[in-house]
Every structure is written in structure tokens, then in C-alpha cells.
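Colleague: Structure incoming, see below.
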Amino acid sequence: MTVSTAVPPRVLTVAGSDSGGGAGIQADLKTMLALGTHGMSVLTAVTAQNSLGVQGAWELPAEAVRAQYRSVVDDIGVQAVKTGMLASAPLVETVAGLLAGTGAPVVVDPVGVSKHGDALLAAEALDSVRAKLLPLATVATPNLDEVAWLTGLTVTDEPGMREAAGRLLAFGPRWVLVKGGHLPGDAVDLLTDGGEEHWLRAPRLDNRHTHGTGCTLASAIACLLARGQDVPSAVRGAKEYVTGAIRAGFALGAGIGPVHHGWSARTTG
451 MTVSTAVPPR
461 VLTVAGSDSG
471 GGAGIQADLK
481 TMLALGTHGM
491 SVLTAVTAQN
501 SLGVQGAWEL
511 PAEAVRAQYR
521 SVVDDIGVQA
531 VKTGMLASAP
541 LVETVAGLLA
551 GTGAPVVVDP
561 VGVSKHGDAL
571 LAAEALDSVR
581 AKLLPLATVA
591 TPNLDEVAWL
601 TGLTVTDEPG
611 MREAAGRLLA
621 FGPRWVLVKG
631 GHLPGDAVDL
641 LTDGGEEHWL
651 RAPRLDNRHT
661 HGTGCTLASA
671 IACLLARGQD
681 VPSAVRGAKE
691 YVTGAIRAGF
701 ALGAGIGPVH
711 HGWSARTTG
């Protein structure tokens, strides 16, 4: 058996930890491995979390976040960065300052609440996300709850997704992926840069075990950008990967189980 010594693309996640392993840093690193990249991490917060919800959250000091980031980027380097849970305005501003000098594609998942409705970002951090973080995004990936939080717009249909995308682009990201998974019917997302529009559709799967979907999608986009794909191709490939992971999602604990990050490599027996 020949072992390859080629260095895989390097992808960095800046996010919080999910002790249950379904979302956050844990989901990001699993996705990065599944998609053939070398995953690295900057931990912003620790959560006590399981299939039922978030029982506690503790953010790290800004200096700890800065030290982790510099340690990785200055020595190893990165070819794409994904951000997730940033917890507070000071951490948002710290991370934005670091990203501004990195020169790699950035995928911003503007995490505000967990799938169970638990707050993962302080309310006073909203202005910092809009003014400091979104302008640095190669792609921003809000779901409809996050769209409402960022823009004040409640989206109920596909024309509303287009309007939401326009409002989000005004904050400065190069591309916006408005995730319409909360709408009835097929799972439809809109990717746009204000000129091009790409409507991405997938059948709605009958599986409630979808914990970590947003983290996984954003990380998958970052992986494919790091592998040299353009934004529309990376988003399309990431959606295909996530659709497979949702299809294979499994029960864990007493609540909502996770998507299956290793679905494409599963064996039976």
C-alpha cells in the first residue's frame, strides 16, 4: 500500500465547540477530513451541548483566540477560513481584524442561535457582524432566522429570499447564500453576488436528525474553495455533500441527532 505524502489543502475553522460532536468545531473538522483537506481550528467558545440543546456556554478571551489564529496562520498557512460561533462583539471584532490580513477565502456562517433555539451570539454583537465581519466574507451563509436577525426581513417565499439577499449584499460580502430550508417544499437555497443568481434545489428528506447542517455546509464550501473551485461550483458541491449527510443522519441521545459527515465512506456489515 502506497501512502501519499502530498500536503492536502489547509482549511481553518474559527468557531465554538459542541461537546456532543454534531456541530461546531467538531462538525467542521469531520467535514474537512471527509472532503480531503487538512482541518485546523481556533476555538472561540466551549459549550455544554447534547441532542436536547445547549446547557451552558463560555467564551474564550480575545487574546486566546488571537494567539491560536496567529499560531496556525503564521506557521502552517491557510487556503480557506470558515467562521461559526463567535459569541460576543469583542470576539467578532478580534476575528475580523485577523481575517482582514489573511488573504484567503472566508466563509462566514453568521451563527446566532442553535437548532434548539439557544442563543450563541450576544445581541449587542449584531452591529459588529454587519459592519466588521460580513464585509470580509467571500460567501456568507445565513439561514432564514439569521436573515431576519441581520436584516429585519421575515422571508416566507422565494421572492423574499431574493430581497433578503440584496439586503445582505449591502453589508459587503462578495456572495450570499440564503438558505431556504425552513420554507415548505424542496430545500431551496439562493446563491447570488447581485449579478449572477443560482437557485440550488434538493428534495426535502424525511429525517429529523439534522444537527450541524449549517456548520457542515459552510465548512464544505470552505473546503472546496481551498481545493480551487469557484464559488458557484463550491456551493453546489457543498450542497450535494450536505444533502447526503442529512440523508444519512442518525439518532443520538434523546433529541435531534447529527448529520453523518462520513456518509460517502460508510461501510455496511
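What the sequence shown shows, in this note's numbering, is residues 451 to 719, in sequence order.
Beta carbons are placed, not taken as given, at the ideal position from N, Cα and C, and that holds for glycine.
No experiment lies behind these values; they were computed from the predicted model shown.
Can you round the beta-carbon distance between Val492 and Gln518 to whole angstroms, since I take them to be within the 8 Å contact cut?
Modeller: Within the sequence shown, numbered from 1, the residue matching residue 492 stands at position 42. Within the sequence shown, numbered from 1, the residue matching residue 518 stands at position 68. Contact flag correct, Cβ pair sits at about 4 Å.
Colleague: Using a Cβ-Cβ cut-off of 8 Å (strictly less than) and excluding sequence neighbours within five positions of Glu543, which residues of its own chain qualify?
Modeller: Here residue 543 is taken as the residue at index 93 of the sequence shown, counted from 1. Excluding residues within five positions, the ones whose Cβ falls inside 8 Å are Ser578, Lys582.
Colleague: Mind checking Thr455: buried by the 16 CB within 10 Å criterion, or exposed?
Modeller: Mapped onto the sequence shown, residue 455 falls at position 5. Counting Cβ neighbours within 10 Å, Thr455 comes out exposed, since fewer than 16 surround it.
Colleague: Between Val638 and Glu608, which are expected to be in contact by the criterion C-beta below 8 Å, what is the C-beta distance as a whole number of angstroms?
Modeller: In the sequence shown, counting from the first residue as 1, residue 638 sits at position 188. In the sequence shown, counting from the first residue as 1, residue 608 sits at position 158. 7 Å between Cβ atoms; contact.
Colleague: Out of Arg612, His661, Leu619, which has the shortest C-alpha to C-alpha gap to Thr693?
Modeller: For the purposes of this step, residue 693 is identified with residue 243 of the sequence shown, where counting begins at 1. Out of Arg612, His661, Leu619, His661 has the C-alpha closest to the C-alpha of Thr693.
Colleague: My understanding is that Leu618 touches Leu600, with C-beta atoms under 8 Å, so please give their C-beta distance in whole angstroms.
Modeller: Looking up residue 618 in the sequence shown gives position 168. Looking up residue 600 in the sequence shown gives position 150. Sure, about 6 Å apart at Cβ, within 8 Å.
Colleague: Relative to the C-alpha of Ile706, which residue among Ala652, Ala484, Asn500, Val558 is closest?
Modeller: For the purposes of this step, residue 706 is taken as the residue at position 256 of the sequence shown. Comparing Cα positions, the closest option is Asn500.
Colleague: Count the other CB atoms, across all protein chains shown, that sit within 10 Å of the CB of Gly602; report buried if there are 16 or more and exposed otherwise.
Modeller: Residue mapping note: residue 602 aligns to position 152 of the sequence shown, counting from 1. Exposed is the call here.
Colleague: In this structure, how does DSSP classify Gly645 when only helix, strand and coil are distinguished?
Modeller: As a first step, residue 645 must be located in the sequence shown, where it is residue number 195. In the structure shown, Gly645 sits in coil (DSSP, three-state: anything other than H, G, I, E or B).
Colleague: Do Thr591 and Asp559 come within 9 Å of each other at the CB atom, strictly closer than that value?
Modeller: For the purposes of this step, residue 559 is identified with residue 109 of the sequence shown, where counting begins at 1. For the purposes of this step, residue 591 is identified with residue 141 of the sequence shown, where counting begins at 1. For Asp559 and Thr591, yes; Cβs fall inside 9 Å.
Colleague: How long is the line joining the alpha carbons of Ser555 and Ala572, rounded to whole angstroms?
Modeller: Locating residue 555 in the sequence shown gives position 105, where the first residue counts as 1. Locating residue 572 in the sequence shown gives position 122, where the first residue counts as 1. Strictly speaking, residue 555 in this sequence is Pro, with Ser absent from that position. For Pro555 and Ala572, the distance between alpha carbons rounds to 26 Å.
Colleague: Report yes if the C-beta distance between Pro585 and Pro540 is below 9 Å; otherwise report no.
Modeller: Position 135 of the sequence shown, counted from the first residue, corresponds to residue 585. Position 90 of the sequence shown, counted from the first residue, corresponds to residue 540. Cβ distance not < 9 Å, so Pro585 and Pro540 don't count as in contact.
Colleague: Using DSSP's beta-bridge definition, name the partner residues of Arg651.
Modeller: As a working mapping, residue 651 is identified with position 201 in the sequence shown. Arg651 pairs with Val638.
Colleague: By how many angstroms is the C-alpha of Asp643 removed from the C-alpha of Arg612?
Modeller: In the sequence shown, residue 612 corresponds to position 162, counting from 1. In the sequence shown, residue 643 corresponds to position 193, counting from 1. When rounded, the distance between both Cα atoms is 11 Å.
Colleague: Could you spell out where the alpha helix (DSSP H) holding Thr497 opens and where it closes?
Modeller: By 1-based counting over the sequence shown, the position of residue 497 is 47. Where Thr497 is concerned, there is no enclosing alpha helix (DSSP H), although the beta strand (DSSP E) it sits in stretches over 488-500.
Colleague: Between Ala704 and Met482, what straight-line distance do the alpha-carbon atoms span, to the nearest angstrom?
Modeller: Position 254 of the sequence shown holds residue 704. Position 32 of the sequence shown holds residue 482. In a straight line, the C-alpha of Ala704 is about 27 Å away from that of Met482.
Colleague: Measure the Cβ-Cβ separation of Val464 and Val515 and say whether it is below 9 Å.
Modeller: Indexing the sequence shown from 1 puts residue 464 at position 14. Indexing the sequence shown from 1 puts residue 515 at position 65. A contact, by the Cβ cut-off of 9 Å.
Colleague: Since His740 sits in a beta bridge, which residues does DSSP pair it with?
Modeller: Any answer about residue 740 is impossible in this case: the structure gives the chain only from 451 up to 719.
Colleague: State the CB to CB distance for the pair Thr487 and Pro459, rounded to an integer number of angstroms; the pair is presumed to be in contact (CB under 8 Å).
Modeller: In the sequence shown, residue 487 corresponds to position 37, counting from 1. In the sequence shown, residue 459 corresponds to position 9, counting from 1. Right, their Cβ atoms sit about 5 Å apart.
Colleague: So Glu543 is in the alpha helix (DSSP H); what residue range does that whole segment cover?
Modeller: As a working mapping, residue 543 is identified with position 93 in the sequence shown. Run containing Glu543: 539-550, per the alpha helix (DSSP H) assignment.
Colleague: The alpha helix (DSSP H) that contains Gly727, what's its start and end?
Modeller: Shown here, the chain extends from 451 to 719; a query on residue 727 therefore has no answer.
Colleague: So what does Glu772 bridge to, in DSSP terms?
Modeller: Limits of the chain in this structure are 451 at one end and 719 at the other, which puts residue 772 out of reach.
Colleague: Could you pull the DSSP bridge partners for Trp625 from this structure?
Modeller: Residue mapping note: residue 625 aligns to position 175 of the sequence shown, counting from 1. Answer by DSSP bridge pairing, in chain order: Val589.
Colleague: So what's Asp656 in DSSP terms, helix, strand or just coil?
Modeller: Along the sequence shown, one-based indexing puts residue 656 at 206. Asp656: coil per DSSP, three-state reduction.
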